[in-house]
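Enquirer: A single structure is presented below for examination.
There are 2 protein chains.
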Amino acid sequence: MSGRGRLTVVGLGPGDPRLLTGAAAQALEEAQDLVGYEPYVARVPERPGQRRHASDNRVELDRARHALELAASGRRVAVVSGGDPGVFAMAAAVFEAIEAGDPAWRGLDVAVEPGITAMLAAAARVGAPLGGDFCALSLSDNLKPWAVVEARLEAVLRADLVVALYNPISKARPWQLGAAFDLALRIRPADTPVVLARAVTRPDEAIRVLPLGEARNAPADMATVVVLGASGTRLIARGEGLAPIVYTRRSVPAPEAA
Amino acid sequence: MSGRGRLTVVGLGPGDPRLLTGAAAQALEEAQDLVGYEPYVARVPERPGQRRHASDNRVELDRARHALELAASGRRVAVVSGGDPGVFAMAAAVFEAIEAGDPAWRGLDVAVEPGITAMLAAAARVGAPLGGDFCALSLSDNLKPWAVVEARLEAVLRADLVVALYNPISKARPWQLGAAFDLALRIRPADTPVVLARAVTRPDEAIRVLPLGEARNAPADMATVVVLGASGTRLIARGEGLAPIVYTRRSVPAPEAA
Chain A
564 MSGRGRLTVV GLGPGDPRLL TGAAAQALEE AQDLVGYEPY VARVPERPGQ
614 RRHASDNRVE LDRARHALEL AASGRRVAVV SGGDPGVFAM AAAVFEAIEA
664 GDPAWRGLDV AVEPGITAML AAAARVGAPL GGDFCALSLS DNLKPWAVVE
714 ARLEAVLRAD LVVALYNPIS KARPWQLGAA FDLALRIRPA DTPVVLARAV
764 TRPDEAIRVL PLGEARNAPA DMATVVVLGA SGTRLIARGE GLAPIVYTRR
814 SVPAPEAA
Chain B
564 MSGRGRLTVV GLGPGDPRLL TGAAAQALEE AQDLVGYEPY VARVPERPGQ
614 RRHASDNRVE LDRARHALEL AASGRRVAVV SGGDPGVFAM AAAVFEAIEA
664 GDPAWRGLDV AVEPGITAML AAAARVGAPL GGDFCALSLS DNLKPWAVVE
714 ARLEAVLRAD LVVALYNPIS KARPWQLGAA FDLALRIRPA DTPVVLARAV
764 TRPDEAIRVL PLGEARNAPA DMATVVVLGA SGTRLIARGE GLAPIVYTRR
814 SVPAPEAA
C-alpha cells in the first residue's frame, strides 16, 4: 500500500490533443497507471515510470475492475476514454463495477474529467447542427434490444429533435444504420441534412454532409458519429470551394392551426 | 482593411479555466476583438491591445452581427460563449446572422471551437448520469411555444431517455421548471434521481441530488442545468461523508412479455 489510491476516468476528446482540457492533461500526467482500450492508451504520450495497461474494446467491465483493483492497492490510476467518458464510454462501466464489486471500492477517491464528445466536435466542424433540442442515441444493440433502439429513435424523430447516433455500425452490426435511415425517411423529408463525421480532428478525418435520402450509401464505421437534422436544420451554401454550413435554428415556430 | 478577417466562436466550458481546451485558449489569445455576454467576456484574462465588446444577454443576433462586421473589416474576432457554443449558445445565432445578412459574410473564415457543455460537466461531478441514451432540451419558451417544449419533454420521458434541461428557469419564466417536474412525475417514479447542478466548477458551485418527488422545492436559476434520470439511473450510497454516485446503466433489459 502506498497511500490512498485514486481513480480518474479521463476524457481524451475526439483525438486532436489541442481539444484536451487542461484538467484532463493534468490527470494523465499525475497517473501512475493508464488503463484503457489500446488506441486510446496509444494517444497518451509515454511518460517514464508510468505503467500502461491496454486492452481490447470488448471488455469494459474487466478493464474497470482492473483499474479499481489498482486504485484500491494505492495507485493513482487514469482510465482513458475517447470523447467524454460519460457519453457511451468508460465512466458508466466503472460505476457499474463499483456498484457490483468489493464494497471497499465505494470509499475510493473516484473522479471523472469531462471531454469533448464526438457529437460536439463534429457539430463544431460543420457549423451548429445541435443548435436546437437534440439527443444522443447509441445505435448498438449489444446492450439493449433493437426494438428499444427503434422505439427511441422513432420517438425523438417524431418530437423533431436533432439526433446524434453513436456506434452507428460495426462488422457485427452491419444493417442497423441503414434501418435507422429508413425509419428517419418515413418521418423526415428526404432533403433533411445529415452529417456523417468520421475520426473528427484526427489525421484520417472525413466529414460528409448529405441529404437524408442519399445517406444510406455513404461510408460509415465505428469511428463515425451521424447527426440527423430536424425541421429547423439549415444548409448555408457558400460557393468557391468552401464547405456549406449546417446549423439548426434556435427558434421553433408555433404549429399552424389545423 | 487589415487582411482577411476571421471569426471564431469559442466555447469557454463551464467556468473553471482548467476545463478550457488548448485550442479554445489559443483562439482567445489570437483574437484582436472579444465579443460576448458580459460575464463570459469577464472570464477571459485581459490582454494588451485586445478590444473587449461585452453586451447584455438578450441580444444574441445583434452581438453576432457586430462580430461579423468586425470580421468582415479584417479583424480576428472571438465570440465567447459559455459551455459549448453549439449547445443553446452563440454558434447558431452567428449562423442565423450569416444566413440572413450580408452575402459577403458567407465567404468569411468562420470556425467553432467546442467546449465542455454544462450537462457534461455536471454529469462528471456526480458520476455518469448520461451513461445511456439522453437528450438536451431547452426549457425556455422565448424561442419556441411552450406546447412544443411540453410535447418534446413528454416524448423523451416516455422513451426512457435521460433528460438534461437547459435554461430551466428565470425571473421571466418562473413556473416552467415546476411544470416540467410535474409532467415527469406523471411518467417516471417519484424516486427517480434528479441532479440540479448550479454554476458547475465555479466558486459558487452547488449540486443537489434529489428524488424527482422532492425536486420541485429545490432552488434553481438560469445557471442551473437539471438532469432527470431514466429507469436505468442508479444511486450508489457511499457513506462517511462521501456524496452518492449517480450513474445510468449502459444496458437496457428486454421488455417483459405482456
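Protein chains in written order, with the working numbering: chain A, 564 to 821; chain B, 564 to 821.
Note that the Cβ used here is the ideal one computed from N, Cα and C, for glycine as well.
Note that this is a predicted model, so its numbers are computed, not measured.
1) For A/V675 and B/G574, what's the separation of their Cα atoms in angstroms?
2) Name the DSSP beta bridge partners of B/G576, please?
3) Please classify A/E593 as buried or exposed, where buried requires at least 16 neighbouring CB atoms within 10 angstroms.
4) Using 8 Å as the Cβ pair cut-off and three pairs as the minimum, do the region 622-638 of chain A and the region 655-666 of chain A touch?
5) Closer than 7 Å between beta carbons: that is the criterion. Which residues of the region 699-724 of chain A meet it against chain B?
6) Under three-state DSSP, which class holds B/G795?
7) Just checking my contact of A/V790 with A/Y729 at CB under 8 Å: how many whole Å lie between their CB atoms?
8) Note down, in chain order, every chain A residue with its Cβ under 7 Å from the Cβ of B/D625.
9) Measure the CB-CB distance between B/L759 and B/A781 and report whether it falls below 9 Å.
10) In whole angstroms, what separates the C-alpha of A/V815 from that of B/V815?
11) State the CB to CB distance for the pair A/R715 and B/L724, rounded to an integer number of angstroms; the pair is presumed to be in contact (CB under 8 Å).
12) Provide the residue(s) that pair with B/R736 in DSSP beta bridges, ordered along the chain.
13) Flag B/Q523 as yes if its beta-carbon sits less than 9 Å from any beta-carbon of chain A, otherwise no.
14) Could you pull out every unbroken beta strand (DSSP E) segment of at least 3 residues lying fully inside the region 755-797 of chain A, listed in chain order?
15) Along the chain, where does the beta strand (DSSP E) that runs through B/I808 open and close?
16) With B/L631 and B/G664 assumed to form a contact (beta carbons below 8 Å), what rounded beta-carbon distance in angstroms separates them?
17) Whose Cβ in chain A lies nearer than 8 Å to the Cβ of B/R812?
18) Could you work out which residue in A/S733, A/T755, A/A681 is closest to A/T764 when comparing CA atoms only?
19) Taking the alpha-carbon of B/A587 as reference, which of B/R614, B/H629, B/S644 has the nearest alpha-carbon?
20) Give, in chain order, every residue of the region 748-765 of chain B whose Cβ lies closer than 7 Å to some Cβ of chain A.
21) Got a sec: is the Cβ-Cβ distance from B/G576 to anything in chain A below 9 Å?
22) Quick one: Cα of A/A605 to Cα of A/D619, how far?
23) Tell me whether B/E803 is buried or exposed, calling it buried when 16 or more other Cβ atoms sit within 10 Å of its Cβ.
24) Contact between the region 770-780 of chain B and the region 696-707 of chain B is defined here as three or more beta-carbon pairs at a separation below 8 Å; is this criterion met?
25) If you draw a straight line from the alpha carbon of B/Y810 to that of B/V772, how long is it in whole angstroms?
26) Which residue's Cα is closest to the Cα of B/T656: B/W738, B/V572, B/P818, B/T796?
27) Return the first residue and the last residue of the alpha helix (DSSP H) that A/G585 is part of.
28) According to the Cβ coordinates, are A/A687 and B/P677 closer than 9 Å?
29) Under 8 Å Cβ-Cβ, which residues of chain A neighbour B/P677?
30) Report the neighbours of A/I799 on chain B: residues whose CB is nearer than 7 Å to its CB, in chain order.
31) Please report the Cβ distance between B/P737 and B/V757, rounded to the nearest whole angstrom; I am assuming they are in contact, meaning their Cβ atoms lie under 8 Å.
32) Can you list, in chain order, the residues of its chain whose CB lies under 8 Å from that of B/Q849, leaving out five sequence neighbours each side?
33) DSSP has A/D596 in a bridge; who is on the other side?
Expert: This is what the structure holds:
1) 20 Å
2) According to DSSP, B/G576 bridges with B/G646.
3) exposed
4) yes
5) Correct list: A699, L700, S701, L706, K707, P708, V711, A714, R715, A718, V719, R721, A722, L724.
6) coil
7) That pair is no contact at about 11 Å.
8) Those within 7 Å of B/D625 in chain A number zero; the least Cβ separation is about 14 Å.
9) Yes, these two residues count as a Cβ contact at 9 Å.
10) 32 Å
11) 7 Å
12) B/S733
13) Nothing can be reported for residue 523 of chain B, as the shown portion of chain B is limited to 564 through 821.
14) 756-761, 769-774, 787-791
15) First-last of the beta strand (DSSP E) with B/I808: 808-811.
16) Contact holds; Cβ gap of about 6 Å.
17) Within 8 Å Cβ-Cβ: A655, E659.
18) A/A681
19) B/S644
20) none
21) yes
22) 13 Å
23) exposed
24) no
25) Between B/Y810 and B/V772, the C-alpha separation is close to 12 Å.
26) According to the sequence shown, residue 656 of chain B is Ala rather than Thr. Comparing C-alpha distances from B/A656 to each of B/W738, B/V572, B/P818, B/T796 shows the shortest one belongs to B/V572.
27) 585-593
28) yes
29) Ordered by position in chain A, the residues that pass the 8 Å Cβ test against B/P677 are L582, I679, L683, A684, A686, A687.
30) F658, I661, E662, R669
31) With a Cβ gap of about 19 Å, B/P737 and B/V757 do not count as contacting.
32) Nothing in the structure corresponds to residue 849 of chain B, since chain B is present only between 564 and 821.
33) A/R614, A/V640
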